[in-house]
Every structure is written in structure tokens, then in C-alpha cells.
Amino acid sequence: MKIISFNANGIRSAANKGFFDWFRAQDADILCMQETKAQEDQLTDACFRPDGHHCFYRDAITKKGYSGVAIHSRREPDEVRTALGWAPFDDEGRYIEARFGNLSVVSFYIPSGSSGEARQGFKFEVMDWLRPIMDEWLASGRDYVLCGDWNIVRSARDIRNWKSNQKNSGCLPAERSWLSGQIAEDGGSDGTPGREGGWVDAYRRLHPEGEDYTWWSNRGAAYAKDVGWRLDYQLVTPGLGERMLACSIAREPRFSDHAPFSVEYAG
-9 MKIISFNANG IRSAANKGFF DWFRAQDADI LCMQETKAQE DQLTDACFRP
41 DGHHCFYRDA ITKKGYSGVA IHSRREPDEV RTALGWAPFD DEGRYIEARF
91 GNLSVVSFYI PSGSSGEARQ GFKFEVMDWL RPIMDEWLAS GRDYVLCGDW
141 NIVRSARDIR NWKSNQKNSG CLPAERSWLS GQIAEDGGSD GTPGREGGWV
191 DAYRRLHPEG EDYTWWSNRG AAYAKDVGWR LDYQLVTPGL GERMLACSIA
241 REPRFSDHAP FSVEYAG
């Protein structure tokens, strides 16, 4: 099973840059997208439904051209869920879950706080609210893959300019502590201890010393200089963590300010 997570920064923009042509060649079972920035009725062209994939969207209803998540699946899910029960989060189109037997695959788009104090405050609210939900999923006995743009790095290995970003959203100590505190592996240079029986960070489990990134600012030639952040994750339940075979970050070709992140699982 191969799952790809990708923040498109606009699904139509990514399509125009050849993303779906690239996707067809990946032989992936499931694609989780974030920041589609479109309404479903704008995506009727066949290019948005590659090779007969089953496609499901959760659009933002707060404003058009904003946020939005999607799941494209080779196999038809038994059930698709698009709300977690808190309107301020749900209405921004930040969660969709496809269920296949005992497997749940989630596409998440965690808010950014970089635009100012109000949005950073909302991000902290989301983090506090999500914690018990993630705990419930972890204890449910289901296999979960939580894909998405979490807008948080975990340690110095996940960001090029560690020291200079300590006061910036996405690298704040409270954000890093929240994310790493739910994950089995420790936070490395962050110092947050790992959680016994916690979520498995697919990239970090497969590349303990890796220093790869999934997002680059459009300013200051960040991409050319590889001044990046690792913001895109697949967090999985421990059982699936034992079945991971490989992962990759597709830095080229470039379809967005984020790179697609793929994980292959056995069975």
C-alpha cells in the first residue's frame, strides 16, 4: 500500500503544473491532499479524477478559494467522514477521513499561525481540542494514517534555520512540545521525550538522522538554497509503524511550495 500526502497550495494550480500526470506514474493507492483552495463543483474536469480514482472533498464553507482537503483512492472506501464536531475547524475544510475495513486514512490541514496573533490563538485552540481526539483514535484498535500539513516542525533536524525561528509560528516551543509529545520517537534536539505507545512519525522512524524538508518559502530563494521546513507528516498507529517499508519526499518536479510525501506499507 502506497499513500501520498501533498499540500497542493491550490489543486487547480498544481494540476496546471503537471501534478496529476506525475501522480499517475506513482502507482499510489491513496492520495491525501490539503489546501485544495477550490469548491468541488469547480473540479469537474477529468484530470481531477485520475484513472478512475474515487475522489472525496471537504471544502471550506467560510470562504471560497481557501483551505480544503481531499482524498483520492483507488479502492472505494466503506465510509467517508468530513467533520469532527467543532464548526470553527470543520467549516474551514481541514479534515476528511476515509475508512477501509479496520484502516482509517485522514487528510489533515492544521492551521498556520503565521498571519498574526488571532490565527496563532486559533491554532493553539485546535491543538488543545485535537489532543483527546488523537488519543481516542490511538486507543481505538483501528489502524490510522494521519496525513497532512501540520504546520509544525519537531526539531532542529526538521528546519534549516533552527535558532532564528524559535519565536516564529511553526517552530514555537509549545507547538513542538504538543506534536512531539504525542509521538513514540523523541523530539531529538527539541528535548521532548517520546510517548510510549504513541504515534509513529513515518519519516523519522525510517530516517532517524534525516534532515529533509517538505516546504520552502517563496521568498529569498529558499527553495534554491534548500532553506526548508518539514511540515508534512504521516503519523501512524504503532502496528502500521511496524509495516512501513520506505518513504520519499518528491522535491522535483515542483508543483507547490510543498513537496509530496509518500510512504509504502507492507500488506
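Residue numbers for the sequence shown follow this note's numbering, beginning at -9 and rising by one.
All residues carry an ideal CB built from backbone N, CA and C; glycine is no exception.
With glutamate 254 as the anchor, note down where its beta strand (DSSP E) starts and where it stops. 251 to 255
Does the region 107 to 115 come into contact with the region 124 to 135, if we say contact requires no fewer than three beta-carbon pairs (one atom in each stretch) closer than 8 Å? no
Please state whether DSSP places glutamate 126 in a helix, a strand or coil. helix
Distance, Cα to Cα, alanine 164 vs alanine 36? 43 Å
Closest by C-alpha distance to proline 198, when choosing among Cys237, Ile123, Arg166: Cys237
Between the region 46 to 60 and the region 9 to 20, do at least 3 Cβ pairs fall closer than 8 Å? no
Which value, in whole angstroms, describes the spacing of the CA atoms of asparagine 158 and serine 104? 7 Å
If we ignore side chains and look at the alpha-carbon of each, how far apart do glycine 200 and arginine 194 end up? 7 Å
Inter-residue Cα distance where the pair is aspartate 80 and threonine 204: 25 Å
Which of the three DSSP states is assigned to glutamate 69 in this structure? strand
Within 10 Å of its beta-carbon, does threonine 34 have 16 or more other beta-carbons around it, so buried, or fewer, so exposed? exposed
Can you list, in chain order, the residues of its chain whose CB lies under 7 Å from that of valine 116, leaving out five sequence neighbours each side? Phe79, Ile100, Pro101
Distance between beta carbons of valine 143 and tryptophan 219, contact taken as under 8 Å: 5 Å
Of all the CB atoms in chain C, is at least one closer than 8 Å to the CB of histidine 62? The structure shown has no chain C; it contains just one protein chain.
Tryptophan 12 (DSSP reduced to helix, strand or coil): helix
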